[in-house]
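Down below is the structure, laid out as structure tokens.
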Amino acid sequence: MKVPFLDLKPQHQAIRDEVLAALAATYDATRFCLGKDVEDFEKGFSAKFGYARTLGMNSGTSPLHIGSLCGGFGPGDEVITTPFTFASSCWGISYVGAKPVFVDIDPSTFNMNPRALHAALTKKTKAIIPVHIAGLPADLDEIHEAASKHGIPVIEDAAHAFPSKYKGKMIGSLSQMTCFSFYATKTITTGEGGMLCTESDEFADRCRIMSLHGISKDAWKRYTAEGSWFYEIVAPGYKYNMTDVAAAMGLAQLRKAGMMLDRRRSIAQMFTSAFSRFPQLQPPVDDARHQHAWHLYMLRLNLDRLTIDRARFIEELKKRNIGASVHFIPLHIHPYYRDLYGYKPEEFPVAYAEYLREVSLPIYSKMSDSDVEDVIDAVLDIIIQFMR
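The letter at position 106 of the sequence shown is residue 409 when you use the working numbering, and the numbering goes up by one with no holes.
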């Protein structure tokens with residue numbers, strides 16, 4: 304069997320030759336950072352998908368931090384998000400001294416439960432950060448309604464959601480701010496990298512300043528023919544800018560993002576078709592109203608119908624040379640949040656219960672049909688061997 308572990312390297316993407324050619328062009332032009340590729344990637348990202356203002360950064364975590372910083376959150380403030388996510392969703396909140404307030408998830412989608420959201424809103428709430436788990440959009444209508452009633456912004460963590468759509472509209476064009484990730488496993492990758500999208504020119508300009516040392520506007524052009532040597536530091540900023548090497552990789556893949564999404568969708572359909580026939584398995588939901596990015600394929604085990612637990616199931620996959628992972632270990636059971644806020648696993652019972660039975664299978668655009676069949680065969684072989 305040839306299927307690798309989920310922690311995929313960039314060369315597992317489907318357009319290796321195009322990426323290498325783009326990197327060679329960047330190398331020949333001797334522009335590795337603060338050059339034209341980043342600007343071209345930002346503009347291309349905006350033009351292709353209808354985003355107003357975009358800002359390339361060095362990770363998907365960075366825009367979440369810069370957005371919290373420029374949004375003015377601080378000590379004493381609360382920001383609502385989900386515990387069923389990776390640490391990055393909360394770091395921006397914590398970095399500025401605000402408190403992340405968790406709400407439980409919808410058991411069918413893994414996304415934030417709007418009913419729990421309404422109950423968690425207080426006078427201290429300064430923003431809502433929904434996470435589009437696996438690339439399936441959260442219920443933005445309900446989330447926007449709740450935010451509007453309280454006069455607070457929605458900051459979408461769309462690390463999984465490129466190129467997702469919510470009721471026909473691109474994720475990234477619907478809220479005050481959206482944060483994307485281009486980590487190695489995403490539909491398009493820059494190795495490490497991210498993008499901030501916003502409708503506000505003023506907010507975008509502020510974020511750009513704070514993502515490059517707090518240096519005055521357009522100071523990045525000081526090394527170009529149209530730039531100036533003079534610059535001013537106007538705030539204590541960060542070093543979060545995207546490099547041209549990363550942007551060159553992104554540009555090469557941006558042109559074929561649709562093709563890579565189509566392949567992920569096809570793989571997901573093959574998995575679901577095979578697994579739906581077995582009561583021991585619960586395939587992830589899709590929603591015809593939206594466009595799922597299929598960043599992850601999050602299979603759930605009906606453990607009452609199996610004689611093994613989730614850990615043993617993953618070990619059995621590994622014996623069959625199939626890499627798998629778990630998404631996610633809920634934040635509220637990690638030592639940092641548990642010790643700081645006194646959370647207990649049962650405080651968010653749905654997130655905790657679904658975590659205990661979730662397994663993420665390999666899904667990426669270069670998988671062949673044979674690779675997909677290898678994964679299916681391994682899963683079903685385990686199910687048949689250990690069914691109750």
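Each residue gets a CB set at the ideal place from its N, CA and C atoms; glycine is no exception.
Just so it is clear, the structure is predicted and the values come from calculations on it, not from any experiment.
Classify L439 as helix, strand or coil using the three-state DSSP reduction. One-based indexing of the sequence shown puts residue 439 at position 136. L439 carries a coil assignment under DSSP once its states are collapsed to helix, strand and coil.
Determine the closest residue to Y469 out of I432, P378, R592, with distance taken between C-alpha atoms. Walking along the sequence shown from the start, residue 469 turns up at place 166. Of the listed residues, the one whose Cα sits closest to Y469 is R592.
What separation, rounded to the nearest whole angstrom, lies between the Cα atoms of Y398 and E535? Looking up residue 398 in the sequence shown gives position 95. Looking up residue 535 in the sequence shown gives position 232. Taking C-alpha positions only, Y398 is separated from E535 by approximately 25 angstroms.
Run through the DSSP bridge pairs and tell me what S484 is partnered with. Within the sequence shown, the letter at position 181 stands for residue 484. According to the DSSP secondary-structure assignment, S484 is paired through a beta bridge with G497.
Any chain B beta carbon closer than 8 angstroms to D340: Included in the structure is just one protein chain, with no chain B present.
Quick one: grab the DSSP three-state call for Q479. On the sequence shown, residue 479 is found 176 positions in, with the first residue counted as 1. Coil, per DSSP.
As assigned by DSSP and simplified to three states, the class of S628: Residue 628 sits at position 325 when you count from the first residue of the sequence shown. It is a strand residue.
Please classify N624: is it buried, with 16 or more other beta-carbons within 10 angstroms of its beta-carbon, or exposed? Looking up residue 624 in the sequence shown gives position 321. Flag for N624 reads exposed.
Which residues in the same chain have their Cβ closer than 7 angstroms to the Cβ of G377, if we skip the five residues on either side of it in sequence? Here the question's residue 377 lines up with position 74 in the sequence shown. Leaving aside the five residues that flank G377 on each side, the residues in its chain whose CB is nearer than 7 angstroms to its CB run, in chain order, V399, G400, A401.
If you run the structure through DSSP and keep just helix, strand and coil, what is M552? Taking the sequence shown and counting its residues from 1, one reaches residue 552 at position 249. Three-state result, M552: helix.
When you compare the CB positions of V404 and P433, do they come within less than 8 angstroms of one another, or not? Locating residue 404 in the sequence shown gives position 101, where the first residue counts as 1. Locating residue 433 in the sequence shown gives position 130, where the first residue counts as 1. No, they are not a contact pair.
Which word fits G375, buried or exposed, when buried means at least 16 other C-beta atoms lie within 10 angstroms of its C-beta? Within the sequence shown, the letter at position 72 stands for residue 375. Exposed is the call here.
When you compare only the Cα positions, how much space is there between E448 and T384? By 1-based counting over the sequence shown, the position of residue 448 is 145. By 1-based counting over the sequence shown, the position of residue 384 is 81. For E448 and T384, the gap between their C-alpha atoms comes out near 16 angstroms.
Report the residue from A550, I611, P633 whose alpha carbon sits nearest the alpha carbon of E650. Locating residue 650 in the sequence shown gives position 347, counting from the first residue. Minimum Cα distance to E650 is reached at P633.
Give the single residue among P410, A437, S478 whose Cα lies nearest to the Cα of Y354. As a working note, residue 354 is residue 51 in the sequence shown. The residue with the shortest Cα to Cα distance from Y354 is S478.
Need the endpoints of the alpha helix (DSSP H) that D504 sits in, please. Start at 1 with the first residue of the sequence shown, and residue 504 comes out as number 201. Membership of D504 in the alpha helix (DSSP H) is indicated by the continuous run 504 to 513.
On the premise that F344 lies in contact with F631, defined as a C-beta separation below 8 angstroms, what is that separation, rounded to the nearest angstrom? Sequence index remark: in the sequence shown, residue 631 carries index 328 (1-based). Sequence index remark: in the sequence shown, residue 344 carries index 41 (1-based). The Cβ separation is near 28 angstroms, so there is no contact.
Distance, Cα to Cα, R608 vs P582? Locating residue 608 in the sequence shown gives position 305, where the first residue counts as 1. Locating residue 582 in the sequence shown gives position 279, where the first residue counts as 1. Rounded to the nearest whole angstrom, the C-alpha separation of R608 and P582 is 8 angstroms.
Whole-angstrom distance between C482 and S503, CA atom to CA atom: Reading the sequence shown from its first residue, position 200 is the one you call residue 503. Reading the sequence shown from its first residue, position 179 is the one you call residue 482. Across the structure, S503 and C482 are spaced so that their CA atoms are roughly 14 angstroms apart.
Nearest-angstrom Cα distance between E459 and G475? The residue given as residue 459 occupies position 156 in the sequence shown. The residue given as residue 475 occupies position 172 in the sequence shown. If I take the Cα positions, the gap works out to 8 angstroms.
Since S663 sits in a beta bridge, which residues does DSSP pair it with? Counting from one through the sequence shown, the residue named residue 663 turns up at place 360. BP columns for S663 point to M601, S628.
For Y692, the three-state DSSP class (helix, strand or coil): The shown model of the chain, from 304 to 691, leaves out residue 692, and the question about it has no answer.
Buried or exposed, going by whether 16 or more other CB atoms sit within 10 Å of the CB of F533? Residue mapping note: residue 533 aligns to position 230 of the sequence shown, counting from 1. Counting other Cβ atoms within 10 Å of its Cβ, F533 stays below 16 and is therefore classed as exposed.
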